[in-house]
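Numbering (the working numbering), first residue to last: 4 to 511.
Please read the structure below before turning to the comments.
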């Protein structure tokens, strides 16, 4: 996303960007290519018939697994960032994380049940190491801050969205038109290219992110700390892989829907205990307590937003696969229809097109003293996203009447969802950094990502409800429920604008 159009802070600031920016641009582009390319296939592969090379799962089971997987990516980013900060540094975290991601995609390319779950686990662990670190290294390339740093992040975010746009196109074509496992392999090849160029151009990063920023300055103590830490990490990983092996061996049976529901309750409980702890024992000032209340509101709103937005890879993907007329341009493809996963590229395409317009629009409103407040932006984001599901409500009605839906239903929905994302997500990230108590800034950013994880879990469960039973009989009701909940939540935030602003204690 575009962060700022501010003028440089000092006339001697360099005009050119450091060469290391392009190392990170292509690393993240290929990583997002692999992540979103595989994600476009995931649910469709799980629900496809075994005779067609799929896994033959029910929609509810597949979407629950999808929710657990996408939530785990956010959760594991917390320990992944800790390992980079305390043990190996961010550059090594990017390198080793990318290797694990690549192994995960190539493992998914093996046509076996065990390889599917093991591959997902590898992708989660690798993304947890790479995702929280690569953006931090971009920041370290610009120690002077200012407009050049903002422009650097703008270029970097274009790389993210370029990868997210291309990945589903390539992987969906190979996976849906030829063989599912070719699509997974293509994601692995993409990550390989990212690793290759990172290795060849890593020298351009210099010292940025090379050393652990929070390592003990005493080498002897740091080595002792590292030994203990790796022992604990190794034990936890051994336990995790052992647990997965026993489950795959049939020692016990896991129900993904039960796991997703249980994880939802666990996350809500952990977040509640965290906020209770810092309110009672965190030593917060009165203003910090007020601002923390606002963070709680943002956490709930973000979880609600992502619970709807993340239908893109689950129920909306199923809608594209089973109920959308994909014969448009069908003559260009072997099966006579374009792949359903192509629609997963729309969000990235709309972000590339609209992000500069949004940045200009907020600045133009601010110059005229008309910029909406934080709760209003959040509210508008929820409402706009909700209207995407109102669109899908009518699209599902078309299908229930016995017709295939035209692509425009999904295209319109993804456009509205992207507009909601651009209104809410960048604002939420920025506001959390400003509102966080001085001694809890990193932890509050972690809470923001935990909100996204919670939303992903709920999204998987809602998608299971939407696609339960015969056909799409439940879809209209679930989509209307999401519309009413998100739009109602957004309206409530707007109505509570004044009390929320008063709790922000001067933060804009």
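Glycine included, every Cβ here is placed at the ideal spot set by N, Cα and C.
>> Taking the straight line between their C-alpha atoms, what separation do you get for residue 15 and residue 147?
In response: The pLDDT assigned to residue 15 is 44, lower than 50, so where the model puts this residue is not dependable, and the model offers no usable value.
> Which residues in the same chain as residue 418 place their Cβ atom closer than 7 Å to its Cβ, once the five residues preceding and following it in sequence are excluded?
Replying inline: Contacts found: 353.
>> Short of 6 Å in beta carbon distance, which residues of its chain neighbour residue 13, apart from the five on each side in sequence? Order them along the chain.
In response: Residue placement at residue 13 cannot be trusted, given a pLDDT of 42 that sits under 50; what the coordinates show is reported in the next sentence. So the list is empty, once near-sequence residues are dropped.
> residue 67 and residue 375 look like a contact to me (Cβ under 8 Å); what is the Cβ gap, rounded to whole Å?
Replying inline: With 8 Å as the limit, residue 67 and residue 375 do not qualify as a contact, their Cβ atoms being about 36 Å apart.
>> Which of the three DSSP states is assigned to residue 136 in this structure?
In response: It is helical.
> When we look at the beta-carbon of residue 407 and count the other beta-carbons within 10 Å, is it buried (16 or more) or exposed?
Replying inline: Using a 10 angstroms sphere on the CB of residue 407, the tally of other CB atoms stays under 16, which defines it as exposed.
> CA-CA distance, residue 365 and residue 430?
Replying inline: Roughly 11 Å between the two C-alpha positions.
>> Among 340, 482 and 458, whose alpha-carbon lies nearest the alpha-carbon of residue 469?
In response: Nearest to residue 469 by alpha-carbon distance, out of 340, 482 and 458, is 482.
>> Please give the ranges of any alpha helix (DSSP H) in the segment 358-410, keeping only runs that are unbroken, at least 4 residues long and fully inside the region.
In response: If we require 4 residues or more, the alpha helix (DSSP H) runs fully inside the segment 358-410 come out as 377-403.
> If you scan the segment 198-278 from start to end, which runs of the beta strand (DSSP E) of 3 or more residues do you find wholly inside it?
Replying inline: Listed in chain order, there is nothing to give.
>> If you reduce the DSSP assignment to three classes, tell me which class residue 61 lands in.
In response: In the structure shown, residue 61 sits in coil (DSSP, three-state: anything other than H, G, I, E or B).
> When you compare each of 358, 508, 209 and 270 to residue 424 by their alpha carbons, which one comes out closest?
Replying inline: Nearest to residue 424 by C-alpha distance, out of 358, 508, 209 and 270, is 358.
>> Let me check one thing: in DSSP terms, what residues is residue 327 bridge-paired to?
In response: Its beta-bridge partners are 408.
> With residue 309 and residue 462 assumed to form a contact (beta carbons below 8 Å), what rounded beta-carbon distance in angstroms separates them?
Replying inline: Right, their Cβ atoms sit about 7 Å apart.
> Leaving out the 5 sequence neighbours to the left and right, which residues in its chain are closer than 8 Å to residue 507 when beta-carbon positions are compared?
Replying inline: Closer than 8 Å at the Cβ level, and outside the excluded window around residue 507, lie 293, 294, 297, 377 and 438.
> In whole angstroms, what is the alpha-carbon distance linking residue 4 and residue 360?
Replying inline: Only weak support exists for where residue 4 lies, its pLDDT of 37 falling under 50; the coordinates are left without a value.
> Which class does residue 4 belong to by DSSP, given the choice of helix, strand or coil?
Replying inline: No answer about residue 4 holds up, because its pLDDT of 37 lies below 50 and its placement is not dependable.
> To the nearest angstrom, how far is it from the Cα of residue 510 to the Cα of residue 306?
Replying inline: Approximately 22 Å between the Cα atoms of the pair.
> Which residues bound the alpha helix (DSSP H) around residue 310?
Replying inline: Counting along the chain, the unbroken alpha helix (DSSP H) around residue 310 starts and ends at 289-312.
> CB-CB under 6 Å to residue 440, same chain, minus the five flanking residues each way: which ones, in chain order?
Replying inline: A distance below 6 Å between beta-carbons, with the five flanking residues on each side excluded, links residue 440 to the following residues of its chain, in chain order: 287 and 291.
> For the segment 66-86 against the segment 120-136, are there 3 or more C-beta pairs whose distance is under 8 Å?
Replying inline: Yes: at least three Cβ pairs fall under 8 Å.
> Do residue 435 and residue 276 have their C-beta atoms within less than 8 Å of each other?
Replying inline: No, Cβ-Cβ distance for residue 435 and residue 276 is not below 8 Å.
>> Just to confirm the assignment, what range does the alpha helix (DSSP H) spanning residue 453 have?
In response: Annotation: the continuous alpha helix (DSSP H) that includes residue 453 extends over 444-469.
>> With the cut-off set at 8 Å, would you say residue 36 and residue 170 are in Cβ contact?
In response: Note that the C-beta distance between residue 36 and residue 170 is below 8 Å.
> Exposed or buried, residue 268, counting other C-beta atoms within 10 Å across all chains shown (16 or more means buried)?
Replying inline: Under the 10 Å beta carbon count, residue 268 is surrounded by fewer than 16 other beta carbons and is classified as exposed.
> Measuring CA to CA, which of 456, 139 and 320 is closest to residue 593?
Replying inline: Since the displayed the chain opens at 4 and closes at 511, residue 593 lies outside it and no answer follows.
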